[in-house]
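One rule links them: number in the numbering used here = place in the sequence shown (from 1) + 1010.
Cβ atoms here follow ideal geometry from the backbone N, Cα and C, with glycine treated the same way.
Quick caveat: nothing in here was measured; it's all calculated off a predicted structure.
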Amino acid sequence: MVFGRKFLVIAHRGASFDAPENTMAAFHLAHRLQADMIELDVQLSSDGIPVVFHDSKLDKKTNGTGRISNYSLEELKMLDAGSWFSDAFAGERIPRLAEVLNWAKDKILVNIEIKPEAVSDDAKDGIEKKTTVLVKDFGMENEVIISGFDYRTIRRVKEFMPAVHTGLLYHREVSKGSDYDKLVQQNKADFFHCSWREIGERQAKLLNNANVPFLIYTLNSTKLMKKMIRIGASGIFTDKPGLLRRLINNE
Ligand code: G3P
Ligand code: MG
C-alpha cells in the first residue's frame, strides 16, 4: 500500500497528452480523469521562486526564449505556456509551485520532481529548502513525494523534512551497475523511480523483497502498463491518466 492505496495512477506533468504539460489546465484535467497523483517539475526563477516547468529553456513550451533561470517570476508570468500546444489553451501560465499545492491540497497527491539544473551547492537556501518550506506551509507532508535525479537533493530533502516521502530517480550515468534497493537505502529514500527501459524482473524482485515501492515512467501504452503492473510496480507515470485509470479499474 502507498498513501493508503494499492496502486498510483500518476499524471505525468498533468494530463499532458490532452493539455499543455505542467499547467493548471493539465492538472485540473488529471483530477477529472481520476488520477491519484500529479507529477510536476520544479525549477527556480531568477528571483528564487519555485516554478513548475520541465525544460531548462523556454523556447519550445512558451512564447519566451532562453533559460528559465534568467527570468524573474513577474517576467515568467507574462509568458504564454499554452499556445504551443493548441489555441484552445492560449493564455495558460507557468504556475508557481505554491499555486499548484494550494489547489492540490486534500484533492490529489503530488510528486514534486526537483530538476537537477536547479540544484546548487548552497544547501541552506537552495531549491530543496524552498520546496520543503512550501510543503510545510501547506501542511502537505503526507500528500507529496519529492524526487530528483540529483541524489544530493534526495538527502537534503530528508534532512530538512524527515517525515516527507522522497523518491530516488534512477540516473544511469551516476548509478550504473548498482542494485536498486541499495541505492534507495544509501540515500534514505522511500521510493524508487525509473524508466520502464531500466527495470526487468531481477531488479523488480530486489525492490519487492526489500519492500521498496517503485514507480515507473512514462507509459502511454496498455501493453507496457500491464507488464509493469505484473512485475510489481506501485504506480505508473503516464501522459494519459484516463487510459491507466480504466485499465486499473478493469483489473
Ligand atoms: O519524474 C518522472 C519523470 O518525469 C522524469 O523524467 O524528464 O519527464 O522529468 P522527466
Ligand atoms: Mg518529471
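With 16 other Cβ atoms within 10 Å as the buried cut-off, status of residue i
i, result
"residue 1053", "buried"
"residue 1176", "buried"
"residue 1132", "exposed"
"residue 1103", "buried"
"residue 1182", "exposed"
"residue 1212", "exposed"
"residue 1097", "exposed"
"residue 1276", "Lying outside 1011 to 1261, the shown extent of the chain, residue 1276 is not represented and no answer is given."
"residue 1047", "buried"
"residue 1275", "Within the shown structure, residues of the chain are numbered from 1011 to 1261, placing residue 1275 beyond reach of any answer."
"residue 1117", "exposed"
"residue 1215", "exposed"
"residue 1232", "exposed"
"residue 1169", "exposed"
Residue i: CB within 6 Å of a non-hydrogen atom of ligand 1
i, result
"residue 1227", "yes"
"residue 1148", "no"
"residue 1247", "yes"
Same chain only: Cβ atoms within 7 Å of residue i, ignoring 5 sequence neighbours per side
i, result
"residue 1162", "1129"
"residue 1218", "1242"
"residue 1063", "1032, 1051, 1053, 1078 and 1104"
"residue 1167", "1138, 1142, 1156, 1174 and 1176"
"residue 1056", "1079, 1080, 1081 and 1082"
"residue 1039", "1024, 1025, 1028 and 1029"
"residue 1069", "1075"
Near ligand 4: residue i beta-carbon under 6 Å from a heavy atom
i, result
"residue 1051", "As presented, the structure is devoid of ligand 4, carrying ligand 1 and ligand 2 as its sole ligands."
Same chain, Cβ closer than 8 Å to residue i, neighbours up to 5 away in sequence not counted
i, result
"residue 1151", "1145, 1171, 1173 and 1174"
"residue 1261", "1239"
"residue 1019", "1044, 1045, 1046, 1047, 1245, 1246, 1248, 1251, 1254, 1255 and 1258"
"residue 1149", "1115"
Residue i beta carbon near ligand 2 (any heavy atom closer than 6 Å)
i, result
"residue 1265", "Because the chain spans 1011 through 1261 in this model, residue 1265 falls outside it and cannot be assessed."
Rounded Cβ spacing between residue i and residue j (contact assumed at less than 8 Å)
i, j, result
"residue 1156", "residue 1122", "5 Å"
"residue 1109", "residue 1124", "That belief does not hold up - the Cβ atoms of residue 1109 and residue 1124 are roughly 17 Å apart, past 8 Å."
"residue 1035", "residue 1023", "Actually they do not touch by this definition, with Cβ atoms about 11 Å apart."
Nonlocal neighbours in the same chain, by C-beta distance under 6 Å from residue i, ignoring five residues either side
i, result
"residue 968", "With the chain represented from 1011 up to 1261, any question about residue 968 goes unanswered, as that position is not in the structure."
"residue 1140", "1060"
**Request:** Please go through the segment 1099-1139 and give each complete beta strand (DSSP E) segment of 3 or more residues, from N-terminal end onward.
**Result:** Runs of the beta strand (DSSP E) lying entirely within the segment 1099-1139, each at least 3 residues long, are 1119-1124 in chain order.
**Prompt:** Considering only residues of the segment 1129-1213, which uninterrupted alpha helix (DSSP H) runs meet the minimum length of 4 residues and lie entirely inside it, listed in chain order?
**Reply:** 1137-1147, 1161-1170, 1182-1185 and 1190-1196
**Prompt:** What are the start and end residues of each continuous alpha helix (DSSP H) run of 4 or more residues lying completely inside the segment 1026-1081, in chain order?
**Reply:** 1034-1042
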